[in-house]
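K.L.:
The working numbering puts the first residue of the sequence shown at 0, with every later residue one more than the last.
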Amino acid sequence: MPLYNPDLGLISTVQKYSTKDGPGIRSTVFFKGCPLGCLWCSNPELIRSQPDLLYTREKCARCGTCIKACPRDALSFGEDEYIVIDRTLCNGCGICNKACPNGALELIGKLVTVDELSKELLKDHVFYQTSGGGVTFSGGEPLWQSGFVAQVANRMKEEGVHTALDTAGDVGWCYFEEVLDFIDLVLFDIKFAGQEQHRQFTGRENDLILANAHLLSQRGVPMHVRLVMIPGVNDIEAEIRARMEIVSSLISVKQVDILPYHRYGAGKYTRLGLDYSLLEMDEHGKDQISEIQALVESYGIKTTFGG
Ligand code: SF4
Ligand code: SF4
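What follows is the structure, given as structure tokens:
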């Protein structure tokens, strides 16, 4: 659910020197919490709006130190003698991961103030200036923490830093309104053209998303539309064409980014105690990628591959 504290943000990391999340060299802030649950999500640790523990069995010596350290009895040994996490009891206090001698537990999610995050982001001001880069707010869904994003983005604008918002767009328009005065570029996902498939693969229909895309366009906000390609799901010609028809109707779109499916996040599902339902899915071959790229480029909009 959205977090309403405009003075504190719940983030996982600040990724420095990113070249995939907008122009130039950027720092990307990954926020926790997202309304969608895309089956291919490569950042499943960012979906919940609270800290999450990642547990790596291969590093665990089964010493039991973490079990003794946990003040909420959220940890126990399972039948196979590895650690079981009761996530309904865990409040993300961060005691067990500090107690673990082997680094088998990692806590994802920390609260930061506007001052702390702004200071961290401004350390790389010189890289932003010399490369035409800046700061990108990503996630998860950064607009679920719109009040906080607005304050940090405002600080960036005061320092002359370019700002980008990477959003799935599935929030009320009021969340956009809160940040748009401080945002230079919106990176906007269009995952499917139709509602039913969108619901089937992300858990939510896309009527709100498409309405927001049109409102952004009407307001003249520069957009890069991101088209994730899931093999056999939304990379077939009819679906790509349907999505590109939508993109073509958005007059403020400057660029289309093709995002090919990959399995980079699969291991994190295991560490979160979740199933990864696309484990058998193959990544695209070179020929398929060329065909997709040619089809998207035929619409005459600047296109990049891989974000
Ligand atoms: S983060 Fe805190 S509450 Fe959660 S399992 Fe670890 S020690 Fe227990
Ligand atoms: S403290 Fe670390 S190594 Fe020991 S049982 Fe817990 S997770 Fe495993």
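Think of the CB as a built atom: it goes at the ideal place given N, C-alpha and C, for glycine as much as any other residue. The model shown is predicted, which means the values in this text are computed figures rather than measured ones.
What are the start and end residues of the alpha helix (DSSP H) that includes Y268?
P.N.:
Mapped onto the sequence shown, residue 268 falls at position 269. Residues A265 to L271.
K.L.:
Which two residues bound the contiguous alpha helix (DSSP H) that contains E238?
P.N.:
Sequence index remark: in the sequence shown, residue 238 carries index 239 (1-based). Segment E236 to S247, the alpha helix (DSSP H) holding E238.
K.L.:
Indicate, with yes or no, if ligand 2 has a heavy atom lying under 8 Å from the CB of C89.
P.N.:
Counted from its first residue, the sequence shown places residue 89 at position 90. No, ligand 2 has no heavy atom inside 8 Å of this Cβ.
K.L.:
Tell me, to the nearest whole angstrom, how far the beta carbon of D20 is from that of L186; I am working on the premise that it is less than 8 Å.
P.N.:
Locating residue 20 in the sequence shown gives position 21, where the first residue counts as 1. Locating residue 186 in the sequence shown gives position 187, where the first residue counts as 1. That belief holds up - the Cβ atoms of D20 and L186 are roughly 7 Å apart, short of 8 Å.
K.L.:
Tell me the residue span of the alpha helix (DSSP H) that contains T129.
P.N.:
For the purposes of this step, residue 129 is taken as residue 130 along the sequence shown, with counting starting at 1. It spans H124 to S130 - the alpha helix (DSSP H) in which T129 sits, taken as one unbroken run.
K.L.:
Quick one: what does DSSP say L310 is sitting in, helix, strand or coil?
P.N.:
Examination of residue 310 is not possible in this model, given that the chain is present from 0 through 306 alone.
K.L.:
Give a yes or no on whether the C-beta atoms belonging to D165 and S137 are separated by under 9 Å.
P.N.:
Translated into positions along the sequence shown, residue 165 becomes position 166. Translated into positions along the sequence shown, residue 137 becomes position 138. Going by C-beta atoms, D165 is nearer than 9 Å to S137.
K.L.:
Measure from the alpha carbon of I235 to the alpha carbon of each residue in T87, D51, Q287 and C62, then state which is nearest.
P.N.:
The residue labelled residue 235 in the question sits at position 236 within the sequence shown. When only C-alpha atoms are compared, the closest one is Q287.
K.L.:
Can P259 and I291 be called in contact, C-beta distance under 9 Å?
P.N.:
Here residue 259 is taken as the residue at index 260 of the sequence shown, counted from 1. Here residue 291 is taken as the residue at index 292 of the sequence shown, counted from 1. For P259 and I291, yes; Cβs fall inside 9 Å.
K.L.:
Taking the Cβ atom as the reference point for each residue, do Q128 and G159 lie within a distance shorter than 9 Å?
P.N.:
Here residue 128 refers to the residue found at position 129 when the sequence shown is read from its first residue. Here residue 159 refers to the residue found at position 160 when the sequence shown is read from its first residue. A contact, by the Cβ cut-off of 9 Å.
K.L.:
How close, in whole Å, do the beta carbons of I300 and V252 come, if the pair is a contact with beta carbons under 8 Å?
P.N.:
Against the sequence shown, residue 300 aligns to sequence position 301. Against the sequence shown, residue 252 aligns to sequence position 253. About 6 Å; that satisfies the 8 Å criterion.
K.L.:
Does at least one heavy atom of ligand 1 sit under 8 Å from the Cβ of P230?
P.N.:
Your numbering for residue 230 matches position 231 in the sequence shown. Incorrect: P230 has no Cβ contact closer than 8 Å to ligand 1.
K.L.:
Here's a check: name, in chain order, each residue in its chain whose Cβ is nearer than 6 Å to the Cβ of Y275, leaving out the five neighbours to either side.
P.N.:
As a working note, residue 275 is residue 276 in the sequence shown. Within its own chain, the residues whose Cβ lies closer than 6 Å to the Cβ of Y275, once the five positions on either side in sequence are excluded, are A265 and Y268, listed in chain order.
K.L.:
In the region 182-222, which residue ranges form an unbroken beta strand (DSSP E) of at least 3 residues, counting only runs that do not cross its ends?
P.N.:
As for any beta strand (DSSP E) of minimum length 3 sitting wholly inside the region 182-222, the runs are 184-188, ordered along the chain.
K.L.:
Under 8 Å, with one C-beta from each stretch per pair, do the region 59-79 and the region 10-29 reach the 3-pair mark?
P.N.:
no
K.L.:
For G305, collect the residues of the same chain with a Cβ closer than 8 Å to its Cβ; drop the 5 residues on either side in sequence, then sort them by chain order.
P.N.:
If you number the sequence shown from 1, residue 305 lands on position 306. Answer for G305: K19, D256, I257, L258 and P259, listed in chain order.
K.L.:
According to DSSP, simplified to helix, strand and coil, what is I46?
P.N.:
Taking the first residue of the sequence shown as position 1, residue 46 is located at position 47. Note: I46 maps to coil in three-state DSSP.
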